[in-house]
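Report on one structure; see the data block that follows.
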Amino acid sequence: MDAAELLQSYSEGKNDFSGEDLRGIRLNQADLININLSRCDLHGAELVFAYLSRVNLQGAKLNNANLSGAYLAQANLAGTDLNTAQLHGSVLYRANLSRVNAIFANFLDASLVEADLRGANLSSANLRGACLRQANLSSPRKGGDRVNLRRADLQGADLQGADLQGADLAWADLRRANLKGAKLLHSNLANANLSNAILHEANLNDADLSEAILNRAQLHQAQMVRAVLMETDLTDARLMQANLTEAKASKAVFLRCQMHEAKLTRADLSLAVLRQAQLLQAVLHEAYLTKADLRDADLSQANLLKADIGGANLTGANLRGATMPDGRVVN
Amino acid sequence: MTLAEAPTIASVSAQLEQSPHYLRIKKLLIFTCTGTWETNPDRLAAIDLRDLVAQTLEVRPTMRELRPTLENLVRSLNKPVEYLPVAETILRSLAVLYPDEDPTEWFRTQAPRPQTSVLPPQEWFDLRLELVNRTNPLRIKILIARTLRQGDVTPTAPWLTVKGLELERLLPDLLLSCPDYQELCQRLQTIAPQLEEPEEYQQVVGTLLEVLEPVYQRLHKLQTISDAEVPNWSPPAAEVMPAEAVVVGPEPEMVASEPMGTDPEPEPEPPPIEPMVVATPEPEVARVSDLLQRELQELSIEAELRRLVSTAVHQVIGDMEQVFRNLEADLEAATRDLPPTTRYRYLKQFVTQVQDMADRFAQILQRLEERGQ
Numbered sequence: 126m127d128a129a130e131l132l133q134s135y136s137e138g139k140n141d142f143s144g145e146d147l148r149g150i151r152l153n154q155a156d157l158i159n160i161n162l163s164r165c166d167l168h169g170a171e172l173v174f175a176y177l178s179r180v181n182l183q184g185a186k187l188n189n190a191n192l193s194g195a196y197l198a199q200a201n202l203a204g205t206d207l208n209t210a211q212l213h214g215s216v217l218y219r220a221n222l223s224r225v226n227a228i229f230a231n232f233l234d235a236s237l238v239e240a241d242l243r244g245a246n247l248s249s250a251n252l253r254g255a256c257l258r259q260a261n262l263s264s265p266r267k268g269g270d271r272v273n274l275r276r277a278d279l280q281g282a283d284l285q286g287a288d289l290q291g292a293d294l295a296w297a298d299l300r301r302a303n304l305k306g307a308k309l310l311h312s313n314l315a316n317a318n319l320s321n322a323i324l325h326e327a328n329l330n331d332a333d334l335s336e337a338i339l340n341r342a343q344l345h346q347a348q349m350v351r352a353v354l355m356e357t358d359l360t361d362a363r364l365m366q367a368n369l370t371e372a373k374a375s376k377a378v379f380l381r382c383q384m385h386e387a388k389l390t391r392a393d394l395s396l397a398v399l400r401q402a403q404l405l406q407a408v409l410h411e412a413y414l415t416k417a418d419l420r421d422a423d424l425s426q427a428n429l430l431k432a433d434i435g436g437a438n439l440t441g442a443n444l445r446g447a448t449m450p451d452g453r454v455v456n
Numbered sequence: 021m022t023l024a025e026a027p028t029i030a031s032v033s034a035q036l037e038q039s040p041h042y043l044r045i046k047k048l049l050i051f052t053c054t055g056t057w058e059t060n061p062d063r064l065a066a067i068d069l070r071d072l073v074a075q076t077l078e079v080r081p082t083m084r085e086l087r088p089t090l091e092n093l094v095r096s097l098n099k100p101v102e103y104l105p106v107a108e109t110i111l112r113s114l115a116v117l118y119p120d121e122d123p124t125e126w127f128r129t130q131a132p133r134p135q136t137s138v139l140p141p142q143e144w145f146d147l148r149l150e151l152v153n154r155t156n157p158l159r160i161k162i163l164i165a166r167t168l169r170q171g172d173v174t175p176t177a178p179w180l181t182v183k184g185l186e187l188e189r190l191l192p193d194l195l196l197s198c199p200d201y202q203e204l205c206q207r208l209q210t211i212a213p214q215l216e217e218p219e220e221y222q223q224v225v226g227t228l229l230e231v232l233e234p235v236y237q238r239l240h241k242l243q244t245i246s247d248a249e250v251p252n253w254s255p256p257a258a259e260v261m262p263a264e265a266v267v268v269g270p271e272p273e274m275v276a277s278e279p280m281g282t283d284p285e286p287e288p289e290p291p292p293i294e295p296m297v298v299a300t301p302e303p304e305v306a307r308v309s310d311l312l313q314r315e316l317q318e319l320s321i322e323a324e325l326r327r328l329v330s331t332a333v334h335q336v337i338g339d340m341e342q343v344f345r346n347l348e349a350d351l352e353a354a355t356r357d358l359p360p361t362t363r364y365r366y367l368k369q370f371v372t373q374v375q376d377m378a379d380r381f382a383q384i385l386q387r388l389e390e391r392g393q
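Chains as they are written, first to last, in our numbering: chain A, 126 to 456; chain B, 21 to 393.
See the structure below:
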């Protein structure tokens, strides 16, 4: 079936084109609202600026298709093959993209607000500048497919309030991304780059951030209970009032970090670099600070009760008003 | 890329010549190469852009050297906002001529993103969200790119023109290139009818204008405060020329349009500081050439010292502005339910403490200076 035939049939009221072979079809700017294209082969199709709101594309093959600027609001794309597809600047507001295969797909500056991306494979996809506010990228704790965003380019992406529980974001590029209030618990962010990212009030409980880069990241009031921060680079990050209770932060770098009132109870900070860190009124109760570098750190009024500071370097540290491991308060 | 397609000084110069900011590009490059701020139209026209580009590559052999030179220069001008995109254009275009640099990577990781500081990062996200919720993101990009004459021009496939551009950059660039709202309206409304499916773009224009109007109102207010309170910085002296050859003047074209009437005169010269020259035995009869030589040396050192101080001050002010903005945002979040006076009190506390610290440094330096005398 070619484009003319399809458009003719559609204008005559036919709506169901499911299972058709539409490879390479050119339907740029076509108005195809509500059309049923489920299980169609649309490999290499051109649908630039096409109006495809509420369209049914379930199970369709869209690999290598060009859907740049297409309107796909509330469309059903569940289980579609979008590998290497172009979705640059497309509108996928509240679209169902669950279980899509979108490896190397291009979602540059696309709108994916409130989209359902559960079980999607987006590894190495370009999601730079994409808007994913309130999108659902969660994975079930046991069984089911985990959202795969490994090595995805999410620079400057807007993921505020998105649900990324259990998502695999290893090696993802999240520089300058907005993750304010995002749910990232149990997610894998190992080796990810989160420099300059906004993570205020994000939930990173039990997340794996080992060897990740968080330079200048904003983690004000972030929840990072039991988070793995082994060898994580948090230079110049802002962690005021963040909760790092029982975090595993051995060898992590907190150089010049702002950590006023942060909770670090029972956190493992052995061999961590906390040089010039601002730990005013921080709670380091029972923290493990063996061989930590705390030179020139500001620990005034911090609570170090029962903390293990064996071999820690406190040269030049400000301990005024701090409660020391033995309960003594420094004048 | 084949050898024939490889960028050359000629091809890059030809590309720069097409820029609407051609004259400003020349001015920035002349300053980079000679340390002179050229405003004479005849002299500007007489200088070949290809020679300038070639000379720039010589005096600034790496991008890492060119970038801070241009950045510092732009900061020092009366209208940095207008010159920032011009400097970006130069950096973008010339990046391909630096063989050791991967221009794409360089811009990803090294390029300054000063334009984004016009608004706090969170506000850019909110702005983008509002735009993409109300209109088509790709059409917004095409419209802005055409307005800014960015991207490749391929009329058969307009979406390809913006394939390599990001809304994250285009929006701040648009704001910077249109300093006032009226100009923004005029430019967008001129471009929209020229695009394929103009009626679609009229809707995009309407949305963009509606969303950006409050931003312009806020920026205008901030600009008014900043013009009233921040003194005009004297531009840094050029690094490549002796101090006496540096002629940094105001820009008549910019001064004329300055709403707050910035002082068109250069900053008065600060009193000369003591040259840090190791004392040498005075010859019994000083020769004129020796004296002249020494005077030149002293002038050169003085200019260098002033430049170092000026650069450091710029850095501190820039950092402080960022810290202030962050603190304000944090305080705003923390005092949401309290009257704004609470926030102002803590902001004032911050400024006072910084001031105290600066005073302490000044006292220490004063004592050290006295001891050394």
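Cβ atoms here follow ideal geometry from the backbone N, Cα and C, with glycine treated the same way.
Element boundaries [alpha helix (DSSP H), containing Tyr-201/B]: 201 to 211
Going by the DSSP bridge assignment, what does Ala-343/A pair with across the sheet? Residue identity check: residue 343/A is Gln in the sequence provided, not Ala. DSSP, once it has assigned bridges, lists Ile-323/A, Arg-363/A as partnering Gln-343/A.
What residues from the segment 337 to 357 of chain B come within 8 Å of chain A, judged by C-beta to C-beta, listed N to C? Asn-346, Asp-350, Ala-353
Are any of the Cβ atoms in chain A nearer than 9 Å to that of Trp-57/B? no
Quick one: residues in its chain with C-beta nearer than 6 Å to the C-beta of Ala-240/A, no 5 flanking neighbours on either side, listed in chain order? Leu-217, Ala-220, Leu-222, Ala-260
Contact set between Arg-159/B and chain A, taken where Cβ atoms lie within less than 7 Å: Gly-194
Determine the contact status of Leu-414/A and Ala-432/A, defining contact as a CB-CB distance below 9 Å. yes
For Val-182/B, count the other beta carbons within 10 Å of its own beta carbon; 16 or more makes it buried, fewer makes it exposed. Which is it? buried
Compute the Euclidean distance between the alpha carbons of Arg-159/B and Pro-140/B, then round it to the nearest angstrom. 25 Å
Could you spell out the range, first to last residue, of the alpha helix (DSSP H) harbouring Pro-141/B? 141 to 154
Under three-state DSSP, which class holds Pro-262/B? Unreliable positioning characterises Pro-262/B in this predicted model, as indicated by a pLDDT of 33, which lies under 50. A coordinate reading is not provided.
Over what stretch of residues does the alpha helix (DSSP H) that includes Gln-290/A continue unbroken? That residue, Gln-290/A, is in no alpha helix (DSSP H); it is neither H nor E in DSSP.
Tell me which same chain residues have a C-beta within less than 7 Å of the C-beta of Arg-351/A, skipping the five on either side of it? Asn-330, Asp-331, Glu-371, Ala-372
Neighbouring residues, chain A, relative to Phe-145/B (Cβ below 9 Å): Cys-256, Arg-258, Gly-281, Asp-283, Gln-285, Asn-303, Lys-305, Ile-323
For Asp-358/A, which residues in the same chain have their Cβ closer than 7 Å to its Cβ, ignoring the five residues on either side in sequence? Ile-338, Leu-339, Asn-340, Val-378
Flag this pair as yes or no: are the beta carbons of Val-272/A and Gly-244/A separated by less than 9 Å? yes
For Arg-189/B, which residues does DSSP report across the bridge? Partner(s): none; Arg-189/B has no beta bridge.
Closer than 8 Å by C-beta to Ala-198/A: which residues in its own chain qualify, once you throw out the five before and the five after it? Chain order, please. Ser-178, Arg-179, Val-216, Leu-217, Tyr-218, Arg-219, Ala-220
Beta bridge counterpart(s) of Arg-151/A as assigned by DSSP: Glu-171/A
Chain B beta carbons: is any one of them nearer than 9 Å to that of Leu-444/A? no
Euclidean distance between Cα positions of Arg-164/A and Leu-229/B: 41 Å
Just list the residues that DSSP pairs Gln-170/B with in beta bridges. Paired residue(s): none; Gln-170/B is not in a bridge.
Determine the extent of the alpha helix (DSSP H) in which Val-216/A is found, giving its start and end residues. No alpha helix (DSSP H) holds Val-216/A; DSSP gives it neither H nor E.
Against chain D, with Cβ distances strictly below 9 Å, would Gln-154/A count as a contact? In the structure shown, chain D does not exist; the protein chains are A and B.
Rounded Cβ spacing between Thr-458/A and Ala-412/A (contact assumed at less than 8 Å): Missing from the structure shown is residue 458/A; chain A here goes from 126 to 456 and no further.
Let me make sure I understand the geometry here. Which of Ala-342/A, Ser-263/A, His-410/A has the alpha-carbon closest to that of Ala-459/A? Nothing in the structure corresponds to residue 459/A, since chain A is present only between 126 and 456.
Chain-ordered chain A contacts of Pro-141/B [CB-CB under 9 Å]: Arg-301, Asn-303, Asn-321, Ile-323, Gln-343
Under 8 Å (Cβ pairs) to chain B, residues found in the segment 215 to 248 of chain A: Ser-215, Val-216, Tyr-218, Leu-233, Asp-234, Ala-235, Ser-236, Val-238
So, are the CB atoms of Thr-82/B and Thr-52/B less than 9 Å apart? no
Using a cut-off of 9 Å between C-beta atoms, extract the partners of His-213/A located in chain B. Pro-157, Leu-158, Lys-161, Trp-179, Val-182, Lys-183
Apply the 10 Å Cβ neighbour rule to Ser-136/A and answer buried if 16 or more other Cβ atoms are within range, or exposed otherwise. exposed
By Cβ distance below 7 Å, which residues in the same chain neighbour Ser-39/B in space, the five residues on each side in sequence not counted? Ile-45, Thr-109
Sequence-distant residues of its chain with Cβ nearer than 6 Å to Tyr-176/A (five each side left out): Asp-156, Ile-158, Tyr-196
Residue from Leu-237/A, Asp-418/A, Ala-295/A, Arg-275/A whose Cα sits closest to the Cα of Gln-285/A: Leu-237/A
Return the residues of the segment 166 to 188 of chain A that lie within a Cβ-Cβ distance of less than 7 Å from chain B, sorted by chain order. Val-173
DSSP has Asn-438/A in a bridge; who is on the other side? Asp-418/A
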